[in-house]
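**Q** Protein chains in written order, with the numbering used here: chain S, 1 to 433; chain F, 1001 to 1298; chain Z, 2001 to 2337. By construction, the Cβ of each residue, glycine as well, lies at the ideal position given by its N, Cα and C atoms.
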Amino acid sequence: MISLRRKKSILAAVAVTSFALIASAVPANAEVGVSSTEIKLGTTVPMTGIAAPGYNKVAPAMKAYFDYINDNGGVYGRKINLIIKDDRYIPQEAINKTNELILKDKVFALVGQLGTANHLAVTSKVRIASRNIPSLFLNTGYSGFADVKKFKTSFMHFPTYVAEAKILSSYIKENFTGKKTCLLVQNDEFGADASKGFAAAGLTFDETVKYVSGTQSATTAQTWITRFAGAKCEVVVLFSVSSATAAALGVASAAGYKPQWILGSVGADSTTLRIALNNPQAQALLNGAIGVSFMPDALDTTDEYISLFREVNTKYSPGVAFDTNVLVGMNAAMLTVQALRAAGKNPTRRSLIAAMESKGSTFASAAYGNLAVSKTSRAGFTGYWFGKFNLAGALIPLDAGRTMYTTDSGTGPVTKASAKRAPLPAKGIPTNS
Amino acid sequence: MRQLIGTLLIGLTLGSIYSLMALALVLVWRSTRVVNFAQAGQAIVTTYIAYEIVTRTGVFWLAVLFAVVAGALLGAGVEYFLMRTLFRHVDEGPVAALAPVIATLGLLGVIKSLVGMIWGNDFRSFYPPVSTDNFVLFGETIPFSRFNVLVILSTTVVMIIFSFIFQRTDLGLSLRAAAFQPEIARLAGIRVGPIRTIGWVFAGVAGAIAGVLITPNDVLSPASLDVLLVFGFVAAVIGGLESLPGAVLGGVVLGIGVSFVLNYVGTTLIFPTVFVVLLLALIFKPNGLLGSKKVRSA
Amino acid sequence: MVCLDQRRCVVHKLSTKKAFIAYFAFGWLLLIVADRVDELRVYQGATIAVTTLAIASIILLTGYSGQVSLGQGAFLAVGAYAAALSQTYWQSPFWFTLLIAILVSAAFGFILAFAAGRMSGPYLAGTTLALAVGLPTLANQFSFLGGETGLVYDAGLPPERFGEEFTLYKWFFWIAAFVALIAMFLLRNLLNSRFGRTWKALRANSTAASLCGVNVAQSKITAFTISAGLAGLAGALLGMISIVAPSAFPLSLSFTIITGAILAGVTSLLGSMLGAVILVVIPEIADVIAHQFGDSEKITTNLPGFIVSVLLILTVLFSPNGPAEAMRKRKEQHAKH
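See below:
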C-alpha cells in the first residue's frame, strides 16, 4: 500500500514532468511584446504636472504617426501599439511605470523616454541594459547617454547639449568676436551639459545667469535682464526652456534692451513662444533672433517631411497644433518604424539593437545628417543649421545651402558642410529592411 | 544705487504677488482656522474662466468680474460641501490638524485634473490690460511698468477693503469671533455656519484676483499656481496668520528677500532663500511678524 | 496593539516578547510571499516597505507628539544624500551607509527642532513646507552632490549564494522589508514605553503635561529627532530603489506621506502598512479605470489623478482616523447593542 505521502509526491512528480513536456513542446515563443499581429512599444513621459505643458504632445504625436503606419500595412503586417504612461517627471514614477510596461504590459521596447534623471533611474534600477531591453530615441540631449558602455541599450535622438553648445560657440566666434557675449542657462544637467560644451569650445561669457527650473516668470526674468543690460551684453545666448526664453524676450523688450539673441534649440519653438510671450506684439520680439535646429522648422510647409507630418497630424490628432514637439515625436516615430523593419521579419530585442547599431546611420528622417549610432556609440544626430526668426516666427536658414555645423560631445572640432538628407520615403512610409 | 532701487522694485512686485495669495490663505485661516491648500486650485479655475472670457471678448475687466464672482461662488461651495462635512466627522486630536490639509490637498488634485480634462495640460496665456513696458526715469529704464503698478495697487486695495471689513464692521467682528471661539459666538447669537462661508467667499475673491493678476506675466497651465501657493503660504506665516496687513507685510518681506538674493547673491538660490527668510522671521517672532502672543497657540 | 484608551490597553497589548515573535513571523510570511509573486509586485513591496517607514515617522511626530510636518520629504532627502555620499566618496559598506543616513538625518532634525521649538501648529507646518521645497534644490548648487542627475546609490547585487534566480528586486525587497521591520519593532517598543506615554500626554494638553513635570521642549525635540532619523532611513531605502536626485524628492512626496498617515489612522503604527498599501494600490486601480475610457487624450491622462484625489477626499471625510479606527468604532457600536 503506498502511503498518502508517497502518493502525493508521485503525483507531484508526474505533474511537473507533464508540465515540462508540454512547455517544451510549444514552439519557441516569439519575442516578448511581438505577436503575429502587433508590436507593443511603451513610453513614460510627463503627461500631467508642472513639466507636462509641451512635452505631453510628443508621445501622442508618436502614436499618431504609428496609427498612420498601421493604416498602411504596419510593420510587415504587424500593428504598432504604443502604450503611453504618465510619470509626472518623477524618477520613482518613471521606474514604476517602466516596470509596468515591461512586466505587466510586456512591451517589446521602450521609445521616446523623457527626462534625464528619469532615464538614469530607469537604467540603474530597472536595469534595462542587462535585460537587453532597448530604449529608442530618448527625448533628451544629455550627453552622458551617448556612452555605449554605460547605456548599452539606450539610443539618443537629438544632438547632445554639449554638441549644441560647441556649435553655438563656433558660430559666435565666427561672427561676433569682440562683442560682449552673455548666457542664460538652467540650473541642472541641461545647463551643466551646455556649460561643458561652451568650455570645451573655449568660449567664455561676460555674464552667465542661471535660473532654477520652475521659477521662471516675467518678474524673476527682470533680474536676468538687469544683469545682462548692466553688463552691456551685445549678444545673449538663451540656452533655456520656452517659458524662460519667452520671459527673457518679453522683459527685455519691455525694458528697451535689444541685444542680438541666440536661442538654443530647446526653447525655440515659436508656437510655444508665441503663447508664452502673451503679448500682441509677440512676433516682433522673435524677429531677428538667431536660432538653431537639426530638423526643418515646424512652420516650413515647403519641406516634404514637414508637410507629410502635418497631414498625419491633421488626420490622426485633430485639434492639435503642429509645433516642434509634434515634429520631434513624429520624427522619432518614423525612425522607430525603420528600426523595427531593419530588425527583421521576426524581430527580437537583440536584432533591434543590432539593427540600430548597423543600419541606424542610414535611416531617413526629417533631420539633416545621420544618426551617429554605431556599435561604439549611442549618439543621435550631430549637427545644427543656423537661421534667423522672421516676423511670422519662422526660422529661415541663414544661407540657401543650409550649412550644417557638426561635432561630437568630446573635444572634436566643429565641421561645416552642406546639409544632406535622405529623401522622404514614398508617402512617408518607410520601406527599408 | 540704481541696482538697489531696481532690486527693491522687483521685490515689491514679487511681494505683491505673494501677498495676494497670502491674503486669501489668511482670510480662510481667520474664519475657519484651516490652511486651504485648495486655494491654488480655486484660483486656477477662476483664472481659466477669465482666460475664456478674455479670449472671447477681449475685455480684461469683464474677465476679472467673472473670475471674482466664480471665486466667490467656488469658495462658498467648498466651505459648505467639503469643510462642513469634514468638521462633522473630525473631532479633536492630531487628526484635526492634518485632516483639513489632506482634504484640501485632495480638492486641489481634483480641481487640477478637472481643469486638465476640460482645457488640456498645455500652456495658455492672456494679455495684460495695461502696458508692461518699463518706465523710463531720468533717462534710465527701471524694472517697473504700469502693470506692476496695477498689481501693487490691487493688492493694497484688497487688503484695505478686507481689513476694514474685519476691523470696523459688525460682520468682521462676527467673523473674528466665529473663528476664535465658535461656541461663545453661537451663544452671542452669531450664526457661525453662514459666517464661516462668508470668510471663504472673501478668500475666494482674493484668490481669484491673485490668479488673474499673476497670469498675464506668466503662463497658464493646470499646475502653474502651485509654486505660488507655497510662496503665499510662507508669506502668510511670516506675517503671522492672524492679520491681513500681516499677510501683505509677509509677502513684501519675502519678495524683497528673494529679490535681494536673486540680484546680489545668485539666481539659483530662490527656494532655499524662502526657507531662510521664514526661519529668520520665526526665530525672532515665533508667531509671525505681526502675530501676537495673545493668540491661542496652534 | 496601540490603543488610545490606557485601561483597555492593559488587556490587549502584547508583551514585547510576543510582539517580537509576531514581527518575526510576519517577516517570514513576507519572504514566502515575495517568492510567489512576480517582479512587479516585489518592487511594489519594496516601495511599500519604504513608505511604511516614512509614514511611521509621521505617526511618531504628529500622531504621538502632536507636531505637524508638511515637509517630511526633506528628511528623506537628507538621509538619502547622506547615505549616497558616504557610499560614493567613502566607499562605505551598505549597512554602514544606512546608519549614516539615520544619524545625519536625526542630527538635522535635532537642529531644526531647536529652531522650531517655539513654533507651533501652522508656523511649524509652514517651516517644514519651506524646508521641503528649498532643500533638494541645494543639490544643484554643489557639484559633489551630483546636480540634477543625482547620485546613484545602490545596495549592490544580491550575494551569489542566493542563486541565479534571486533577482535585484527581491534583494531590494528583502533589505527594505528587513530594515523596516526592525525599525518598526523598535519604534513600537518606544511608543509603548514611558516616552510614548509622555508624548501622548503632550499631544493631549501640553500645559497640563508640563504641570505634571514633563519637560515639554525636550520631549518635542526628542520626538522630532527620532522622527527625522526614521525618515532619513526611509529616504536612504528610497534612494536604493530609485535614485538620489532632487527630482526624486518633490513636494508631492511629503504630501503623499502625510496622506498615508491619515489613511493609516494617525495614531496607529500597524495602520502605517495599510496606509502604504493603499497609496500604492489606489493609483493602479485608478489607471485601470481610466483606461476604460479610451477616448479623449485629455480625459485619460487626467482621470487617474482625479480618481485618486476623489478617493482621498472621501477617505478623509468619512474615516479621518483611518479605516482601521473606523472599523474598530463600528465593532464597538455593534458590541454595545
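1) Count the other CB atoms, across all protein chains shown, that sit within 10 Å of the CB of P27(S); report buried if there are 16 or more and exposed otherwise.
2) Kindly indicate if chain B contains any beta-carbon less than 8 Å away from that of M47(S).
3) With a floor of 4 residues, list each alpha helix (DSSP H) that falls wholly inside the stretch 164-204 of chain S, ordered by position along the chain.
4) If the cut is a Cβ gap below 7 Å, which residues of chain F does R2118(Z) touch?
5) Buried or exposed: where does S124(S) fall if 16 or more other Cβ atoms within 10 Å of its Cβ makes it buried?
6) So K210(S) contacts chain F; which residues on that side make the cut at Cβ distance below 9 Å?
7) Does R378(S) pass the burial test, meaning 16 or more other C-beta atoms within 10 Å, or should it be called exposed?
8) Of all the CB atoms in chain F, is at least one closer than 8 Å to the CB of T302(S)?
9) Our contact map puts N139(S) next to L114(S) with C-beta atoms below 8 Å; I'd like the distance itself, whole angstroms only.
10) Return the first residue and the last residue of the alpha helix (DSSP H) that L1269(F) is part of.
11) Buried or exposed: C2212(Z), going by 16 or more other Cβ atoms within 10 Å of its Cβ?
12) When you check each C-beta in the stretch 2127-2156 of chain Z against every C-beta of chain F, which residues fall closer than 7 Å?
13) Check T2256(Z) in the structure and name its three-state DSSP category.
14) So L1220(F) and Y1018(F) are in contact, right, with Cβ under 8 Å, and what is the actual spacing, rounded?
15) To which residues does DSSP link E207(S) through a beta bridge?
16) Would A25(S) be called buried (16 or more neighbouring beta carbons within 10 Å of its own) or exposed?
17) Do you know whose CA, among A1210(F), L1025(F), A1076(F), G1199(F), lies nearest I1238(F)'s CA?
18) Tell me whether Q2087(Z) sits in a helix, a strand or coil according to DSSP, three-state version.
19) Can you check whether the C-beta of W224(S) is within less than 8 Å of a C-beta belonging to chain F?
20) Alpha carbons only, please: which of A422(S), S213(S), N99(S) is nearest the one belonging to V2133(Z)?
21) Establish whether the CB of D1170(F) and some CB of chain S are separated by less than 8 Å.
22) Excluding sequence positions up to five away, which residues of its chain have a Cβ less than 6 Å from the Cβ of T208(S)?
23) Taking K57(S) and N70(S) to be in contact with their CB atoms under 8 Å, please state how far apart those CB atoms are, rounded to whole angstroms.
24) What does the alpha-carbon distance come out to for the pair I262(S) and I290(S)?
25) Check the C-beta distance from S2309(Z) over to G1106(F) and give it rounded, since I have them as a contact under 8 Å.
26) Decide if L2314(Z) is buried, meaning its Cβ has at least 16 other Cβ atoms within 10 Å, or exposed.
27) Taking the alpha carbon of V75(S) as the point to measure from, which residue in K345(S), I396(S), M356(S) has its own alpha carbon closest?
28) Please state whether DSSP places V26(S) in a helix, a strand or coil.
29) Run through chain Z and tell me which residues come within less than 8 Å of S124(S), C-beta to C-beta.
30) For N118(S) and A94(S), which I take to be in contact (beta-carbon distance under 8 Å), what is that distance rounded to the nearest angstrom?
31) Can you give the Cα-Cα distance for L1301(F) and T2207(Z), rounded to whole angstroms?
32) Using only alpha-carbon positions, find the residue among G112(S), S170(S), I429(S) that is nearest to T411(S).
33) What did DSSP end up calling I80(S) once you bin it into helix, strand or coil?
34) Starting from A2338(Z), find everything on chain F with Cβ-Cβ shorter than 8 Å and list it in chain order.
35) Output, in chain order, the set of chain Z residues within a Cβ distance shorter than 7 Å of P1272(F).
36) Have a look at T415(S), A339(S), G393(S) and flag the residue whose alpha-carbon is nearest the alpha-carbon of T431(S).
**A** This is what the structure holds:
1) Its pLDDT being 40, under 50, P27(S) is placed unreliably in this model, and the value from its coordinates should be taken loosely. By the neighbour-count rule (16 or more Cβ atoms within 10 Å), P27(S) is not buried but exposed.
2) No chain B appears in the structure shown, which is made up of the protein chains S, F and Z.
3) Secondary structure remark: continuous alpha helix (DSSP H) runs of at least 4 residues inside the stretch 164-204 of chain S, in chain order: 189-200.
4) P1286
5) buried
6) G1266, T1267, T1268
7) buried
8) no
9) 4 Å
10) It is not in any alpha helix (DSSP H) - L1269(F) carries neither H nor E in the DSSP assignment.
11) exposed
12) T2127, L2129, A2130, L2131, V2133, G2134, T2137, L2138, N2140, Q2141
13) helix
14) Actually they do not touch by this definition, with Cβ atoms about 18 Å apart.
15) C182(S)
16) Confidence is the limiting factor: at A25(S) the pLDDT is only 40, short of 50, which leaves the residue's position unreliable and the question unanswerable from this model.
17) L1025(F)
18) In the structure shown, Q2087(Z) adopts helical secondary structure according to DSSP, grouped into three states.
19) yes
20) Nearest in C-alpha terms to V2133(Z), of all of A422(S), S213(S), N99(S), is S213(S).
21) no
22) L183
23) Not quite, the Cβ-Cβ distance comes to about 20 Å (not below 8 Å), so this is no contact.
24) 5 Å
25) 5 Å
26) exposed
27) Closest by alpha carbon: K345(S).
28) Its pLDDT being 40, under 50, V26(S) is placed unreliably in this model, and the coordinates cannot settle the point.
29) Under the 8 Å cutoff, chain Z gives V2152, D2154, I2243.
30) 4 Å
31) This structure gives no information on residue 1301(F), because the portion of chain F shown stretches from 1001 to 1298.
32) S170(S)
33) DSSP places I80(S) in strand when its eight states are reduced to three.
34) Nothing can be reported for residue 2338(Z), as the shown portion of chain Z is limited to 2001 through 2337.
35) G2134, T2137, L2138
36) A339(S)
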